[in-house]
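**Student:**
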Amino acid sequence: MATQDLDPRVYCEFSRLVRLQAQSHAFSFLPQMNAGTALAGRHNSRFRGRGLNFEELRHYQLGDDIRNLDWKVTIRTGKPHVRTYTEEKDRHVLIAVDQRSGMFFSSLHTMKSVVAAEIAALTAWRVLKDNDRVGFSFITPQRISHHKAQRSQNGLLRDLNEMARHNQSLNIESKNDNHVHFSDWVKSIAQLKLKGATIVMISDWNDATELDLKKLQHLQQHNDILSLMVSDPMEQSLPEKITHSRWVIGDGSYQLSLDTGSKVDIANETLRSTSHIKREQLAKIMAFNNLPFINLDTSGEHIKQYKRSIGGQR
90 MATQDLDPRV
100 YCEFSRLVRL
110 QAQSHAFSFL
120 PQMNAGTALA
130 GRHNSRFRGR
140 GLNFEELRHY
150 QLGDDIRNLD
160 WKVTIRTGKP
170 HVRTYTEEKD
180 RHVLIAVDQR
190 SGMFFSSLHT
200 MKSVVAAEIA
210 ALTAWRVLKD
220 NDRVGFSFIT
230 PQRISHHKAQ
240 RSQNGLLRDL
250 NEMARHNQSL
260 NIESKNDNHV
270 HFSDWVKSIA
280 QLKLKGATIV
290 MISDWNDATE
300 LDLKKLQHLQ
310 QHNDILSLMV
320 SDPMEQSLPE
330 KITHSRWVIG
340 DGSYQLSLDT
350 GSKVDIANET
360 LRSTSHIKRE
370 QLAKIMAFNN
380 LPFINLDTSG
390 EHIKQYKRSI
400 GGQR
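Take the position in the sequence shown, starting the count at 1, then add 89; the result is the number in our numbering.
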């Protein structure tokens, strides 16, 4: 696809993802968060942040923190010993980005797939700016792929270029293969056996099941998971005058004609109920570690919404 023909509301260009680096200064995942923001919490941040590595065991010295006493060694030797620690030099952040056929939709301004890609790029640039390692997990209509976390601008540029290719391959005829359900994605991330990582999941979550959410809650025990839902208003409520337009909606396999008010009412009730339940479930999982659940829409204001949600500048 020729880049000069791309509508930025429909497809994201690699150059646009690179330029987002300039906006990465306005927020941070590090502990120096402003009090009162969505991420204010333990240690001034709801993320675990960089942890501590054990360095050595030595004799207690005046002024040492008694909370670091190693009681087993102290009792065995009869002399007080303390454990000393050094701060980890970096942190592992995995950005999981949904670029499947269901993300190729918008009734307002910007495709959900573009919202997800741009927020993923913005997050990645921020992580790299903090001198941490960033990796990606992509789910597309054909496959799921994971890219090793690294602290390298060249590596990030390669990942962003691949994400742009995934984004630009979507079209109205895109159809997901049977092995790229949300459950397959969660399972593959769990198999990475991450510990102490920050996992940023960007999706519309439309096919996430209750079992998938339970698996994420299990992952949350050893990692921080930031859930970002990209949604469109029409996924929650159809326009009132839709019956006059004789709309036909479909999922690639089945179609439904919305030619009567009763059909629209039934569809709206189903949409509202499903959306409400999913949001409640996600918010509950995020509350497990006092993390926020962030909702972004397709109005074209997703970057402002994201920064505001995590305490950045508006």
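Note that beta-carbon positions come from the ideal geometry of N, C-alpha and C, so glycine has one too.
Looking only at DSSP bridge pairs, what is S50 linked to?
**Tutor:** Residue 50 lies beyond the stretch modelled for the chain, which goes from 90 to 403, so this question has no answer here.
**Student:** Quick check on the burial criterion: 16 or more other C-beta atoms within 10 angstroms. Buried or exposed for L246?
**Tutor:** By 1-based counting over the sequence shown, the position of residue 246 is 157. L246 is exposed by the Cβ-count criterion.
**Student:** Any heavy atom of the ligand SAH inside 7 Å of the beta-carbon of S190?
**Tutor:** The ligand content of the structure shown is nil, which means the ligand SAH is not present either.
**Student:** On a Cα-Cα basis, can you pick out the residue from V319, R222, D248, S241 that is closest to G285?
**Tutor:** Within the sequence shown, the letter at position 196 stands for residue 285. Of the listed residues, the one whose Cα sits closest to G285 is R222.
**Student:** Using the rule of at least 16 other Cβ atoms within 10 Å of the residue's Cβ for burial, across every protein chain shown, is S320 buried or exposed?
**Tutor:** Residue 320 sits at position 231 when you count from the first residue of the sequence shown. The residue in question, S320, is buried, as its Cβ has 16 or more Cβ neighbours within 10 Å.
**Student:** If I'm right that N295 touches G191 with Cβ under 8 Å, what's the distance once you round it to whole angstroms?
**Tutor:** Numbered from its first residue, the sequence shown carries residue 295 at position 206. Numbered from its first residue, the sequence shown carries residue 191 at position 102. Sure, about 6 Å apart at Cβ, within 8 Å.
**Student:** For V289 and V182, which I take to be in contact (beta-carbon distance under 8 Å), what is that distance rounded to the nearest angstrom?
**Tutor:** For the purposes of this step, residue 289 is taken as the residue at position 200 of the sequence shown. For the purposes of this step, residue 182 is taken as the residue at position 93 of the sequence shown. The Cβ separation is near 7 Å, so the contact holds.
**Student:** Drop a sphere of 10 angstroms on the beta-carbon of W214, count the other beta-carbons inside from all chains shown, and report buried for 16 or more, exposed for fewer.
**Tutor:** Taking the sequence shown and counting its residues from 1, the one referred to as residue 214 is at position 125. Classification of W214: buried, given that the 10 Å Cβ count is 16 or more.
**Student:** Which residue or residues does DSSP assign as beta-bridge partners of M323?
**Tutor:** To locate residue 323, count along the sequence shown from 1; it is residue 234. Paired residues: none, contrary to the question.
**Student:** Kindly indicate which residue of Q112, R108, D94 has the alpha-carbon position closest to the one of K396.
**Tutor:** Translated into the one-based positions of the sequence shown, residue 396 becomes position 307. The shortest Cα separation from K396 among Q112, R108, D94 belongs to Q112.
**Student:** Can you tell me whether W160 is buried or exposed, with buried defined as 16 or more other CB within 10 angstroms of its CB?
**Tutor:** Walking along the sequence shown from the start, residue 160 turns up at place 71. Exposed, by the Cβ-count rule.
**Student:** Would you call A376 buried or exposed, if buried means 16 or more other Cβ atoms sit within 10 Å of its Cβ?
**Tutor:** For the purposes of this step, residue 376 is taken as the residue at position 287 of the sequence shown. That one is exposed.
**Student:** Should G224 be labelled buried (16 or more other beta-carbon atoms within 10 Å of its own) or exposed?
**Tutor:** Within the sequence shown, the letter at position 135 stands for residue 224. It counts as buried.
**Student:** Taking the alpha carbon of P322 as the reference point, which residue from D248, K373, I374, N384 has its own alpha carbon closest?
**Tutor:** Working through the sequence shown from its first residue, we reach residue 322 at position 233. Cα-wise, what sits closest to P322 is N384.
**Student:** Assign T298 to one of three DSSP states: helix, strand, or coil.
**Tutor:** In the sequence shown, residue 298 corresponds to position 209, counting from 1. Here T298 sits in coil by DSSP.
**Student:** Does DSSP classify T287 as helix, strand or coil?
**Tutor:** Counting from 1 along the sequence shown, the entry for residue 287 is found at position 198. Strand.
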